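Since the structure comes first, as structure tokens, the remarks are kept for the end.
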Amino acid sequence: MLFKTMLKIAVFVFLGAVSSLVGAEHAEPGNIEKVKLRLLWKHQFQFAGYYIAKVKGYYSAVGLDVDIAELDPNVNNAEAVLSEKTDFAVGRSSILIRYGQGGDIVALFPAFQRSPLILLTLASGDIQGPKDLKGRKIMITPDTRNVGSVLAMMMQAGIHDGNFIRQKHSYDLDDLVSGRTDAMASYISNEPFQLESRGVPYRVLDPSDHGFDMYSDFLFTSGRMIRERPEMTRHFYEASLRGWEYAFDNIEETAEIIYRLFNTQNKSLEALLFEGRALQKLAFDEYGRFGTLDKHRFEEMIQVYLISGVLDKDYNLGNMLYKPRGDKLRLSYTEAELVERGEQIRVCTDPHWMPYESLANGEHIGIIADYIQLISEKTGLMVSVVPTESWSQSLAYIKQGRCDIVSGVIQTPNRSRYLDFTRTYLSTPLVVASRDIDPEISPFTQKLAIPRGLAYKEIFSPRYPDAEFVDVESPLAGLKLVESGDVYGLLGDAASLRFLIQKHAIQNVYINETVSDIADISIGVTKNREVLLALLNKGIESITKDENNRILSHWLGVQQDNTISPRFFWTFLIIIAVLGLLGIYRYSLTSYRNKILETLAERDQLTGVANRHKLIAKLEEYLNISDRYNRALTLIYFDVDNFKYINDNFGHTTGDRVLIAISDLVQSEIRKTDIFGRWGGEEFLCLLPEIELSHATNIAEKLRKKISTHDYQINRKVTCSFGVAEYQPGETLENFVSRADEALYRAKHSGKNSVKT
């Protein structure tokens, strides 16, 4: 035992010396700052990023000597930070409560996008869900009671302090196994492994399964620290992020380091590996980013605390979220490293696509050029344009590796073989330029010219298999064929066709807008450039509405929309209404809170329809019924075509109104027994019991027409694309939804505003 202890000390001293050498080239002698970090529990993989930042020299490289202290049960981490007894600390979402009480707390980042905190029960018991906790013995720490996700799950089930037996947490699983307690607050990354190792079946009550996903394990400090030591704070923040990214990229090595150097609990290496892999699943957002903070998710957490009465009605998030100076995008270490490396990102363009982009005397100009310049400024990326003679040559260059990105490209299945795509940053209407504009004539029953190399043919050919498309070398060549009467029309985007008609004085050719489709434009990125792709996405996401308007109005004369979001207004009113009931008799108050929590957990806050959590629950229920009684069941999966274009050009307020209107339209057309809800963003699901595929397809077509003919009062047609699938006995929920999603994908790529099965 003594030998093992001495060996650990020797290894730690050696690695500490290496860390000092690693940081020597960055940190100036005599400028080392001592910093204290206090954890919220004992040493384990839960805090891996901080250990790695210390051992790998990331802290010392920026002049920091960091002391990492385990939890002291006699010390409150928030109070320790506020009293300057520690510089930084790790805390749960309950730091929101302390901030609401006037504590000058600033959250730097969450280690986990979803809380690992759960309630654990034995599978042999009769506790099937949170509602079964009534009257039961629960081991739960005082801090756990204030963690929003657990609190919300219990309140939703009608469980509060008066109807369960709260026990002091012993942290001993034998108490659960022996029946001395019925449920125990645990981490999904720890105690389940211990029970599995002992062969004890267990059941997990996870708040996320009940619609409550909340951040956890915040690195936080005080506002005073940030004001008085901003550079030190920034260095600690960046080095910690770097440590976390390394830890999750190298779980085996990290577990070994913790096992040898930070193993005060004497955990096995297998337990640390289990913990690391379990936590990795909770650490990244939907775009694969670590440490992101979203204000809207914070506001959802605040709502739960408001309803529970632990926050005051005047609560204001204020300056609680850290904004690193000079890093508004909150870059990850690998993203920041790419920027600091100063690599020239080679850009291929369409040299003849005004007003979107062109090369004029070697200079990249146009709408897309302005976006690329703005993204470059926001991210710090250095970009250089690679001159090409044509769009076809640009695509050839990107395939040959002579470019890193394509500035503006429409995503298609063919291009997806050699490109990844950023989020859409620009949408443009597709039209037909023709000599005749007769609303009774479909352009796709006539001969249409399509410029070679563009995405339009790949998009429209599957949708109109009988259409006659004529390849032309360029849009200008196509317009001349239209002018001469050799083809009926030319398919293209409105702005560039108008530009060419005016510039080249094309006679008797007009814009026919009956196509009613939109081209979504993204940046195409060569494969295997994940960091570059993520960085470009951050730049796109940070573009403000004013910046969008400034670019578009410069080239197209788009006006701004400065209306206030009705969602914000109604949310505010709801909060005030809830707070006004806090003095009502306890039973009535509890009932009301449960209804609100049920709404938060099961209803989409914008549209009022079922949310994703509720839809999944209903899907599982109806799949079981279908299997048991051999009943028909179909699913309609649809989304709003070109929704980003609506948000960007008419404002998010208008976008919200469109989603609400579509929800109302669908609910007015379906049966009361049908299940309709918002799957996420602009995506919706409609579950149709006792309906077969052919009938469901007709319903989807009816909904498509209803939505596309409705007046949304935005001087623009709004359409949706639909995918329909019929349940196959025995298939999984995931496969059922996936088949409907695949049908939706086909509808999207066949020209949108259509129904596919």
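The opening residue of the sequence shown carries number 0 in numbering that gives the first Met the number 0; numbering runs sequentially from there.
Just so you know, even glycine gets a beta-carbon here, dropped at the ideal spot from N, CA and C.
In this text the structure is predicted, and so the values were computed from the model without any measurement.
{"Asked": "Considering only DSSP beta bridges, list what residue 136 is partnered with.", "Found": "164"}
{"Asked": "For residue 675, name the three-state secondary structure that DSSP assigns.", "Found": "strand"}
{"Asked": "Just tell me which of 111, 344, 690 and 375 has its CA closest to the CA of residue 244.", "Found": "111"}
{"Asked": "Report the rounded CA-to-CA distance for residue 129 versus residue 612, giving the unit in angstroms.", "Found": "16 Å"}
{"Asked": "What first and last residue would you give for the alpha helix (DSSP H) that runs through residue 235?", "Found": "229-248"}
{"Asked": "Measuring only the C-alpha atoms, how far is residue 700 from residue 754?", "Found": "6 Å"}
{"Asked": "Look at residue 634 and residue 724 and say whether their C-beta atoms are less than 9 Å apart.", "Found": "yes"}
{"Asked": "With a threshold of 16 other CB atoms inside 10 Å of the CB of residue 427, please say whether the residue is buried or exposed.", "Found": "buried"}
{"Asked": "Where does residue 266 land, buried or exposed, given buried means 16+ other C-beta within 10 angstroms?", "Found": "buried"}
{"Asked": "What three-state label does DSSP hand residue 690 in the structure shown?", "Found": "coil"}
{"Asked": "Straight-line CA distance for residue 303 to residue 156?", "Found": "14 Å"}
{"Asked": "Closest to residue 293 by C-alpha separation, out of 607, 109, 31 and 659, would be which residue?", "Found": "109"}
{"Asked": "Can you tell me where the beta strand (DSSP E) with residue 637 in it begins and where it stops?", "Found": "632-639"}
{"Asked": "Whose CA, out of 291, 137, 173 and 48, lies closest to the CA of residue 162?", "Found": "137"}
{"Asked": "I need the DSSP call for residue 46, collapsed to helix, strand or coil.", "Found": "helix"}
{"Asked": "Does the segment 539-557 come close enough to the segment 644-652 that 3 or more CB-CB pairs lie under 8 Å?", "Found": "yes"}
{"Asked": "Report yes if the C-beta distance between residue 409 and residue 374 is below 9 Å; otherwise report no.", "Found": "no"}
{"Asked": "Closest by CA to residue 118, which one among 106, 132, 125 and 105?", "Found": "132"}
{"Asked": "Pick helix, strand or coil for residue 709, following the three-state DSSP scheme.", "Found": "coil"}
{"Asked": "Taking only the alpha-carbon atoms, compute the straight-line gap between residue 250 and residue 358 and give it to the nearest angstrom.", "Found": "47 Å"}
{"Asked": "Please determine, among 472, 62, 522 and 442, the residue with the shortest C-alpha to C-alpha distance to residue 509.", "Found": "442"}
{"Asked": "Can you tell me whether residue 641 is buried or exposed, with buried defined as 16 or more other CB within 10 angstroms of its CB?", "Found": "buried"}
{"Asked": "Please tell me whether, using a cut-off of 8 Å, the distance from the CB of residue 276 to the nearest non-hydrogen atom of the ligand COA is below it.", "Found": "This structure simply doesn't include the ligand COA, nor any ligand for that matter."}
{"Asked": "Assign residue 291 to one of three DSSP states: helix, strand, or coil.", "Found": "coil"}
{"Asked": "For residue 120 and residue 170, I'd like the C-alpha separation in whole angstroms.", "Found": "14 Å"}
{"Asked": "What is the rounded straight-line gap between the Cα of residue 230 and the Cα of residue 287?", "Found": "27 Å"}
{"Asked": "Does residue 274 pass the burial test, meaning 16 or more other C-beta atoms within 10 Å, or should it be called exposed?", "Found": "buried"}
{"Asked": "Determine the direct distance from the alpha carbon of residue 486 to that of residue 480, and round the result to whole angstroms.", "Found": "6 Å"}
{"Asked": "Got a sec? Which residues, its chain only, sit under 6 Å from residue 608 by beta carbon, not counting five neighbours each side?", "Found": "662, 675, 676 and 677"}
{"Asked": "Spell out whether any CB of chain D is found under 9 Å from the CB atom of residue 527.", "Found": "Protein chains in the displayed structure number just one, and chain D is not present."}
{"Asked": "Can you name the start and end residues of the alpha helix (DSSP H) that residue 644 belongs to?", "Found": "642-649"}
{"Asked": "In whole angstroms, give me the CA-to-CA distance for residue 685 and residue 379.", "Found": "44 Å"}
{"Asked": "So, are the CB atoms of residue 48 and residue 246 less than 9 Å apart?", "Found": "yes"}
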